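Working notes for the structure below.
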Amino acid sequence: MNVIFPVPEPNLQLRYGALPEGEEAYVIIGMFTASHCATVERLLTSLDQFSLPYALYEVPSVHRSISPKGLPDLSYTKANFIWHVLQQARRPVLYLDVDTVIRKPPVYIEELVAAGRDFAILNWLALDSNDAFIPISVTTDASAGPTLNRFYRFSHSIDIYDPGQIICSGAAQLWGTTPAAADLLKAWHTTVATHPGVADDQCLDFAFNNRLGDWPKTLRPTWLPKSYARYAWWIFDEPVIDHPDFPYSGNDWLEIIDQPEARRFFPGKASPRSNPPISRDLIIDSESGQVFRVENQSLVWAGQLSSRIWRAQP
319 MNVIFPVPEP
329 NLQLRYGALP
339 EGEEAYVIIG
349 MFTASHCATV
359 ERLLTSLDQF
369 SLPYALYEVP
379 SVHRSISPKG
389 LPDLSYTKAN
399 FIWHVLQQAR
409 RPVLYLDVDT
419 VIRKPPVYIE
429 ELVAAGRDFA
439 ILNWLALDSN
449 DAFIPISVTT
459 DASAGPTLNR
469 FYRFSHSIDI
479 YDPGQIICSG
489 AAQLWGTTPA
499 AADLLKAWHT
509 TVATHPGVAD
519 DQCLDFAFNN
529 RLGDWPKTLR
539 PTWLPKSYAR
549 YAWWIFDEPV
559 IDHPDFPYSG
569 NDWLEIIDQP
579 EARRFFPGKA
589 SPRSNPPISR
599 DLIIDSESGQ
609 VFRVENQSLV
619 WAGQLSSRIW
629 RAQP
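This is the structure:
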């Protein structure tokens, strides 16, 4: 399949902010459809709170690699959108999903730009720990009913380590203006085009881990800490760039079909890890920091955490 990249510029309507003309080192960008106006307003409030430069664009649709409800129009892939805005901005861009919120000044992004890093994303394979926790309904007072969003249990993790590969979560992505960054964008877009029905994060994993294109020769990547793409299930990490909602967990997307020579990632190259922050059979009380085990359908006290817990905020 002969894939053209970049696709002609999509129908981008700049709704909020502007591309900077001054000395700003980078600009925050995002795209949204009319159905996401409420979450965009939330993001805007946080961007203005810290006087961050931004340009948010309304689009008529997104590609189906971004949303299962999206369209097959390749103009609206994340890679094509980012490439076109990079050409206009002429400086690095921090792409954010519009359902994120800035909680603190993203100082680390400025440091990465100053250091010449031209690609940064959250990489599960490079984190010291990636254990995720989800809230569960627990009844502590029979007369009051179950308590919501207070008790958490272990949900999932990726128990291998290899910072030379990626399994990414793409709510926050830094892209530079270099040819290597552009080449990785092309490889990502091409993978999306040749794997219809597959989510774009998986496609970026595939493009990176199979070293598609010429970018491996000169790309200067780095991996964001959880605080800079902090999903609600990482309750032990103070958010800087926050994703307050739990990500969509449906199975409307297809999986990349692995081949011996081309896989989403290569487990055999990675090292096993076994360093969970707490025992995975514990129930966490996020209000008190106490932990419990379930015995005979009851919670039995098992200790007190010293770590602060950061629950999801609106």
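In the working numbering, the protein residues as written are 319 to 632.
Where is the CB? At the ideal position from N, CA and C, for every residue including glycine.
Please read these numbers as outputs of a predicted model, since none were measured by experiment.
- If you compare the alpha carbons of Trp-551, Pro-543, Ser-383 with that of Leu-572, the shortest gap goes to Ser-383.
- Assignment of Asp-518 by DSSP, reduced to helix, strand and coil, places it in the helix class.
- Straight through space, the alpha carbons of Ile-575 and Asn-569 are spaced by roughly 15 Å.
- Looking at Asn-614, Ser-625, Arg-581, the one whose alpha-carbon comes closest to that of Phe-554 is Ser-625.
- Excluding residues up to 5 positions away in sequence, Tyr-375, Val-377, Phe-399 lie with their Cβ nearer than 6 Å to the Cβ of Met-349 in the same chain.
- Within the same chain, Cβ atoms closer than 8 Å to the Cβ of Ile-420 are found at Leu-361, Ser-364, Leu-365, Gln-367, Phe-368, Leu-370, Val-558, Ile-559, Asp-560, the five residues on either side in sequence being excluded.
- Rounded to whole angstroms, the separation of the alpha carbons of Pro-424 and Val-609 is 32 Å.
- Ala-588 sits away from Ile-452, with the two beta carbons spaced by 8 Å or more.
- Among the bridge pairs identified by DSSP, His-381 is matched with Leu-389.
- In this structure Ser-385 is buried. Its beta-carbon is surrounded by 16 or more other beta-carbon atoms within 10 angstroms.
- If one requires a minimum length of 4 residues, the alpha helix (DSSP H) runs lying completely within the segment 432–514 are 497–512, in chain order.
- Residue pairing of Ile-627 in beta bridges, as defined by DSSP: absent, with no partner found.
- Between the beta-carbon of Thr-540 and that of Ala-490 there is about 12 Å, and that puts the pair past the 8 Å contact cut.
- Residue environment for Val-516: buried (at least 16 other C-beta atoms within 10 angstroms of its C-beta).
- With a cut-off of 8 Å on Cβ pairs, the segment 337–357 is not in contact with the segment 520–539, counting fewer than three such pairs.
- Assignment of Leu-412 by DSSP, reduced to helix, strand and coil, places it in the strand class.
- CA-to-CA, the gap between Cys-486 and His-513 works out to about 17 Å.
- In this structure, Thr-508 is the residue among Asn-467, Thr-508, Leu-389, Trp-619 with its C-alpha nearest to the C-alpha of Pro-324.
- Contact check between the segment 466–477 and the segment 439–451: three or more CB pairs, one atom from each, fall below 8 Å, which counts as touching.
- Shown here, Phe-350 sits in a strand according to DSSP, grouped into three states.
- Taking Gln-483 as the centre and dropping the five residues before and after it, the same chain places the C-beta of Leu-443, Asn-527, Phe-583 closer than 6 Å to its C-beta, in chain order.
- Residue state for Pro-328 is assigned as coil, using DSSP reduced to three classes.
- Taken in chain order, the whole alpha helix (DSSP H) runs of length 4 or more contained in the segment 559–597 number zero.
- As DSSP reads the structure, Glu-613 sits in a beta bridge with Ser-616.
- In chain order, Gly-335, Ile-346, Leu-365 place their CB closer than 6 Å to the CB of Tyr-372, counting only its own chain and leaving out the 5 sequence neighbours on each side.
- Distance from the Cα of Trp-628 is smallest, within the candidate group Leu-332, His-381, Gln-615, Arg-468, for Arg-468.
- CA-CA distance, Lys-396 to Lys-504, rounds to 11 Å.
- Under the three-state reduction of DSSP, Tyr-344 is assigned to coil, being neither helix nor strand.
- Tyr-413 is a Cβ neighbour of Trp-493, given a cutoff of 8 Å.
- By the neighbour-count definition (other C-beta atoms within 10 Å, threshold 16), Ile-322 is an exposed residue.
- When DSSP states are grouped into helix, strand and coil, Leu-370 belongs to the coil group.
- Ranked by Cα distance from Leu-600, the options Trp-401, Ser-606, Pro-590, Leu-617 are led by Leu-617.
- Residue environment for Trp-619: exposed (fewer than 16 other C-beta atoms within 10 angstroms of its C-beta).
- By the 16-neighbour rule on beta-carbons within 10 angstroms, Asn-441 is buried.
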